[in-house]
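**Q**
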Amino acid sequence: MTLCSTRNFQHSLEEHGLTLDRRPLEILQVNVGKLCNQACHHCHVEAGPKRTEIMTLATMERLLALLEDTPSIHTVDITGGAPELNPHFRTFVTRIRALGRNVMDRCNLTVLFEPGQADTAAFLAEHQVQVVASLPCYSKKNVENQRGRGVFDKSIRALQKLNALGYGRTGSGLELSLVYNPLGAFLPPPQAKLQQDYRRELKTLFDIEFNHLFTITNMPIKRFGDFLKRQNQWDDYMDLLIQNFNPAAVEGVMCRNMISVGWDGTLYDCDFNQMLDMPVSSQPADIFEIPSFAVLAQQPIALADHCFGCTAGAGSSCGGALV
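Letter by letter, the sequence shown follows residues 1 to 323 of this note's numbering.
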C-alpha cells in the first residue's frame, strides 16, 4: 500500500458516486511549529523537544492579512507541536481575536507546567480561546504507555487548573474539549459512548468536567506509521481502514471547508497532507505568493490512501467523529 497514489481512495469515491469538492472556507488551521515538550508515540507531526521549526512573526502577519480578507473563516485552529511554545503565540491569538474570529488551541496539557507558561491558562481564558486537549484515556497506565511517565498526573492537574478558571463549566462560555486517540491499530469506539465513560470517570475520580470528547483515528503516517511497520501491522491496519470505508463520512471530511498552513507558510488541504509534504495542488502553494485564499476555491483536493483514515467507521476529523 503506497501513500503516493490516489488510485485506491479515488476508486472508492468513484464506486460510490462521490466527489470531494471544496466548500466555502470556514476553518484556518495553522501549525505554528514542531517544538513540543513531549514526543508521543502516535504523533503524526513527529513533534518533540529537539524540533526547531517555528513559525515567524512575519508569517503570522501575512496570515492575519489573509484572514482579514476572508470573512467566511470563523475559526483559527492553532496546532503544533505545543503551540504555546511559539514565542509569538500570544500575539497571534490576541490579533486573531481582535478580528472577531474564534481560536482553538490544540493543547497537550502538560505544556502548562513548562517554564514561562505559568499564566498561559489564564491568558487562554481571558481571550476565550477554545481549548482542545489531548487525553488518550482516563487510565493512567494507558496514557503513560502512549505519552510517557508522569504525563497523566500533569494532565489531570492541568485539567483541574482549567476547570478552576471556568473551562468546561456550564454557563462559563469557556469550552474545553478532550481528544481520544486509539492506543493501537484499531478504530476508535463510538464517540458518544466513550464521552459518557470519560465524563463519568473523570468526574468521579478527579472532579473534572469538560464539554466534548473528540475521537480521532490514528493516521498510518510518521510515528504511528513507523510503529505499524515495526509491529508488522501496516498491511492489516490499511486493510482495516479500507474495509471500513464509510460513504456517509465523506460528506463531513475536514478538507472540504478547511485549509492547513505549515510553520513556513506552505498551504495544505489538511494537517495530515502537511506532514506528508503534499501541498495544495494550486501553484503557487505559499501564503506569501497568493493574493487571497479565494484562489484555492476551484482547486482539487490532494488525495492519497491515508485519506481512508478520515472515512473509516464513524469517520474522523480534527473535530472528532463525522457520523
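Even for Gly, the Cβ is constructed at its ideal location relative to N, Cα and C.
Taking the beta carbon of N142 as the centre, do at least 16 other beta carbons fall within 10 Å, making it buried, or is it exposed?
**A** By one-based count along the sequence shown, residue 142 stands at place 142. N142 should be labelled exposed.
**Q** Run through DSSP, which three-state label would F308 get?
**A** As a working note, residue 308 is residue 308 in the sequence shown. Helix.
**Q** Quick check: what's the CA-CA separation for H88 versus G33?
**A** Within the sequence shown, numbered from 1, the residue matching residue 88 stands at position 88. Within the sequence shown, numbered from 1, the residue matching residue 33 stands at position 33. Their backbone Cα atoms lie some 11 Å apart in a straight line.
**Q** Would P182 pass as a contact of N218 if the rule is Cβ separation under 8 Å?
**A** Start at 1 with the first residue of the sequence shown, and residue 182 comes out as number 182. Start at 1 with the first residue of the sequence shown, and residue 218 comes out as number 218. Yes, the pair counts as a contact, with Cβ atoms nearer than the cut-off.
**Q** L303 and S282: beta carbons closer than 8 Å?
**A** Indexing the sequence shown from 1 puts residue 303 at position 303. Indexing the sequence shown from 1 puts residue 282 at position 282. No, Cβ-Cβ distance for L303 and S282 is not below 8 Å.
**Q** For L159, which of E46, T120, A312 has the nearest alpha-carbon?
**A** If you number the sequence shown from 1, residue 159 lands on position 159. Among E46, T120, A312, the Cα nearest to that of L159 belongs to T120.
**Q** Name the one or two DSSP bridge partners that L303 has.
**A** For this step, residue 303 is matched to residue 303 along the sequence shown. Per DSSP, none; premise fails for L303.
**Q** Sort out for me which residues DSSP pairs D105 with in a bridge.
**A** Numbered from its first residue, the sequence shown carries residue 105 at position 105. Answer is I78, V131, bridged to D105.
**Q** Terminal residues of the continuous beta strand (DSSP E) containing Y198?
**A** For the purposes of this step, residue 198 is taken as residue 198 along the sequence shown, with counting starting at 1. Looking at the DSSP string, Y198 is not in any beta strand (DSSP E); the run it does join, the alpha helix (DSSP H), is 191-206.
**Q** Across which residues does DSSP place S155 in a beta bridge pair?
**A** Position 155 of the sequence shown, counting from 1, holds the residue named residue 155. Note: S155 sits in no beta bridge, so no partner.
**Q** Closer than 7 Å: is that where the CB of F210 sits relative to any heavy atom of the ligand ATP?
**A** Ligands are entirely absent from the displayed structure, and the ligand ATP is therefore not among its contents.
**Q** Going by DSSP, what residue range makes up the alpha helix (DSSP H) through V30?
**A** Here the question's residue 30 lines up with position 30 in the sequence shown. It is not in any alpha helix (DSSP H) - V30 instead sits in the beta strand (DSSP E) that spans 27-31.
**Q** State yes or no: is the C-beta of L109 within less than 8 Å of the C-beta of A125?
**A** For this step, residue 109 is matched to residue 109 along the sequence shown. For this step, residue 125 is matched to residue 125 along the sequence shown. No, Cβ-Cβ distance for L109 and A125 is not below 8 Å.
**Q** Reducing DSSP to helix, strand and coil, say where Y237 ends up.
**A** The count along the sequence shown starts at 1 and reaches residue 237 at position 237. Here Y237 sits in helix by DSSP.
**Q** Work out the CA separation of M254 and E14 for me, nearest whole Å.
**A** For the purposes of this step, residue 14 is taken as the residue at position 14 of the sequence shown. For the purposes of this step, residue 254 is taken as the residue at position 254 of the sequence shown. The alpha-carbon atoms of E14 and M254 are separated by roughly 19 Å.
**Q** Rounded C-beta distance between V30 and I78? I'm assuming under 8 Å.
**A** Taking the sequence shown and counting its residues from 1, one reaches residue 30 at position 30. Taking the sequence shown and counting its residues from 1, one reaches residue 78 at position 78. Yes, they are in contact, since the Cβ atoms of V30 and I78 sit about 5 Å apart, within 8 Å.
**Q** By the 10 Å Cβ neighbour count, where 16 or more other Cβ atoms means buried, how is S139 classified, buried or exposed?
**A** As a first step, residue 139 must be located in the sequence shown, where it is residue number 139. Its Cβ having fewer than 16 others within 10 Å, S139 is exposed.
**Q** Under a three-way DSSP split, which group does M254 fall into?
**A** For the purposes of this step, residue 254 is taken as residue 254 along the sequence shown, with counting starting at 1. Of the three classes helix, strand and coil, the one that applies to M254 here is helix, per DSSP.
**Q** S177 lies in the beta strand (DSSP E); which residues open and close that run?
**A** Within the sequence shown, the letter at position 177 stands for residue 177. Looking at the DSSP string, the run of the beta strand (DSSP E) that includes S177 is 176-180.
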